[in-house]
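Each number in the working numbering corresponds to the 1-based position in the sequence shown with 5 added.
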Amino acid sequence: MKRLGCVMLLALLGGEAAAQVDEARKARCYQLAEHAEYYLTRFKEGSGGPNMTVLGARIDCDKGRYDQGIRALEKELRDQRISIPPPPG
6 MKRLGCVMLL ALLGGEAAAQ VDEARKARCY QLAEHAEYYL TRFKEGSGGP NMTVLGARID
66 CDKGRYDQGI RALEKELRDQ RISIPPPPG
């Protein structure tokens, strides 16, 4: 019985740690999306509007595909020679 309690406690802590990691990836994804939108969106008339890669990555963030969104945003920022901000926190 004692062993079962330890296993359940470890599972609970593992789930909590996984949730923290997920929240960190979510925050990073949205941080990069905002950074990229600020530097890569063109607002002048006839300028082409939003960056489609950034929009697609934002959709990935919205759907919980944080790793995909982060990779796409980091690549786009690097390709455009824009510095990547350090992770939040």
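Every residue gets a Cβ at the ideal spot worked out from N, C-alpha and C, and that includes glycine.
Please read these numbers as outputs of a predicted model, since none were measured by experiment.
The beta carbon of R33 is closer than 8 angstroms to those of Y71, I75, P92 and P93 in its chain, skipping five residues each way along the sequence. In the three-state reduction of the DSSP assignment, K68 falls in the coil class. Cβ atoms of C66 and A38 come within 8 angstroms of each other, at about 6 angstroms. The beta carbon of T58 lies closer than 7 angstroms to those of A77 and E81 in the same chain, with the five residues before and after it left out.
One Cα belongs to Y44, the other to I64, and the distance between them is close to 18 angstroms. Around the Cβ of Q25, a 10 Å sphere holds fewer than 16 other Cβ atoms; the residue is exposed. Closest in alpha carbon position to D27, among L60, K68 and R83, is K68.
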